[in-house]
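The block underneath contains the structure these notes are about, expressed in structure tokens.
In this note's numbering, the protein residues as written are 13 to 544.
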């Protein structure tokens, strides 16, 4: 066995009965911290809004006329242009996030989000509309790369997993008011287009496009005041500022709180000179077995959350309803609005479970659920296509809702929670940027192919996704470790080449009450995890 990495005999972060000892709403430092984190969560409102608004526009005849009644190929181009822009944005986002700070990258992303939304709202023709979506895509990649990093690195150790999951829908049991932030965008888009769908002019789609500018604009203003990541500050030699942040927000002003020195120690250990020298090197992602495994998981997450059939439902909901005989605009936009609320409920449920049953189990439950929804969805779609059964049409709608339920219980809360947890600071921005990059590639391919496939082969397309779901289930079972119950620095130890990790531990067994920080060949067992 390789030599274990050495560490001091100090307790881990999760061993300490640290502040806050009061409920979060009675702790001034935590109240402020959660407020700033909530502002970061607002970055995802634009993503949720955009995901639904394009599908809703397809049910509006004025939009169809303004876009030149696009064919399936052109409809795919309009939809996927935001991902093409996102591809280039992902290539650019990691460097400024590492060199100039997470806040700076958020500012760039939110500014581009405003520009793209304005172009989309004011577009006189399809070309400008498509261009606006490309600019918006670049901005979304910046906010998606920097947002999870800053959110995770600002969070108190007790709230790290909870706050990171909040990026898409929030999961802290005592922060229910914040639970609408990702799906709030989709709900607003769904019901706003339901209301404007009764207009017979271009304002039916311009009004929702104008509203879209509000979210990145508010984030752009908020980033002026949001604190910078203490880990990034330490990486730039600004330890005093980092410690001041920890005192103010993690210890409620108590300079003698032991969590401060321990957090500073673990951050400093993670940011050793060797790691610093590799900070801006992309090749660092491949230089060790541990990093290659991390990278493989990041890429798997991006592929598995996109190649499971749910994206077809989200972006091409109207054509799917058309295919089963539900063609009325009011019916389509109403069902779409109901689906957005359903998605929120299911996502919040999944986020509640993220710190209860663990990430790995949640992944498995989600993919098993989608498999069981995919089969009857394909059958009812075939029954309507071959026999015109109205009961089958309504059954299809039911299984579409169940499909989304299974997807949202894990793929939303874990998409930007799971990967930042397994990536060490030195490659966190680059790893997440690469995940976003691969996501944009998959989204571009999927969203261009999806409308064509739906038009040409109809319900047979869901059989392809059944195969992808089975493949995803196998990948999760054999390669995804459990990350529940570790600090960020302890997770680095878990993946380290020299650390002897038993397969049962990697597969999420026997991990709930155990911390595997290495200490001179000794593991620490029975660490108590403080419930927030």
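We treat Cβ as the ideally placed atom computed from N, Cα and C, and that holds for glycine. Predicted model, so just to flag it, every value in this text is computed and none were measured.
When rounded, the separation of the alpha-carbon atoms in residue 213 and residue 356 is 31 Å. Measuring C-alpha to C-alpha distances from residue 297 to each of 118, 80, 445, 145 identifies 445 as the nearest. Closest in alpha carbon position to residue 486, among 283, 383, 160, is 383.
In this structure, the alpha-carbon of residue 340 lies about 11 Å from that of residue 347. Pairing residue 306 with residue 492 gives a Cβ-Cβ distance that is not under 9 Å. Beta-carbon to beta-carbon, residue 202 and residue 68 are separated by about 6 Å, close enough to satisfy the 8 Å threshold. For residue 125, the uninterrupted alpha helix (DSSP H) run begins and ends at 114-134, by DSSP. With fewer than 16 other beta carbons inside 10 angstroms of its own, residue 299 counts as exposed. Looking at the backbone, the Cα of residue 495 and that of residue 366 are separated by about 10 Å. Its Cα nearest to that of residue 343, the residue 210 stands out among 94, 158, 210, 141. At a Cβ-Cβ threshold of 9 Å, residue 279 and residue 254 count as neighbours. Taking 9 Å as the cut-off, the beta carbon of residue 64 is found closer than this to the beta carbon of residue 198. By the Cβ-count criterion, residue 362 is buried, with 16 or more other Cβ atoms from all chains shown falling within 10 Å of its own Cβ.
Taking residue 338 as the centre and dropping the five residues before and after it, the same chain places the C-beta of 344, 347, 405, 409 closer than 8 Å to its C-beta, in chain order. Setting aside the 5 residues that flank it on each side, residue 481 is surrounded in the same chain by 320, 321, 379, 382, 383, 386, each with a C-beta closer than 8 Å to its C-beta; the list follows chain order.
Judged by pairs of C-beta atoms under 8 Å, the segment 92-110 does not touch the segment 217-228, as fewer than three such pairs exist. Counting the other Cβ atoms within 10 Å of the Cβ of residue 400 gives fewer than 16, which makes it exposed. Using a C-beta cut-off of 8 Å, the segment 156-168 makes contact with the segment 117-127, since at least three inter-stretch Cβ pairs fall below that distance. Looking only at 130, 165, 95, the smallest Cα-Cα distance to residue 262 is reached by 165.
Of the candidates 308, 334, 246, 246 places its Cα closest to the Cα of residue 112.
Of the candidates 92, 503, 136, the residue whose Cα lies closest to the Cα of residue 218 is 136. A residue is called buried when at least 16 other Cβ atoms come within 10 angstroms of its Cβ; residue 364 meets this threshold and is buried.
Counting along the chain, the unbroken alpha helix (DSSP H) around residue 301 starts and ends at 301-316.
Just so you know, the alpha carbons of residue 272 and residue 264 end up roughly 11 Å apart.
If you check the CB distance, residue 153 and residue 311 do not come in under 9 Å.
Along the length of the segment 240-281, whole alpha helix (DSSP H) runs at least 4 residues long occupy 242-247, 251-257, reported in chain order.
Your pair residue 455 and residue 318 checks out as a contact, with CB atoms roughly 6 Å apart and the cut at 8 Å. For a cut-off of 8 Å, the C-beta gap from residue 151 to residue 122 is around 7 Å, short enough to register as a contact. The alpha carbon of residue 240 has as its nearest neighbour, out of 472, 167, 72, the alpha carbon of 167. For residue 464, the uninterrupted alpha helix (DSSP H) segment begins and ends at 437-469.
Per DSSP, residue 86 is one residue of the alpha helix (DSSP H) stretching across 84-111.
Beyond the five residues adjoining it in sequence on each side, residue 257 comes within less than 6 Å, by CB distance, of 239, 242 in the same chain, given in chain order. Counting every other CB atom within 10 Å of its CB across the protein chains shown gives residue 442 a total of 16 or more, marking it as buried.
At a Cβ-Cβ threshold of 9 Å, residue 60 and residue 195 count as neighbours.
The continuous stretches of alpha helix (DSSP H) do not include residue 79, and DSSP gives it neither H nor E. With a threshold of 16 other beta carbon atoms within 10 Å, residue 403 falls short and is exposed.
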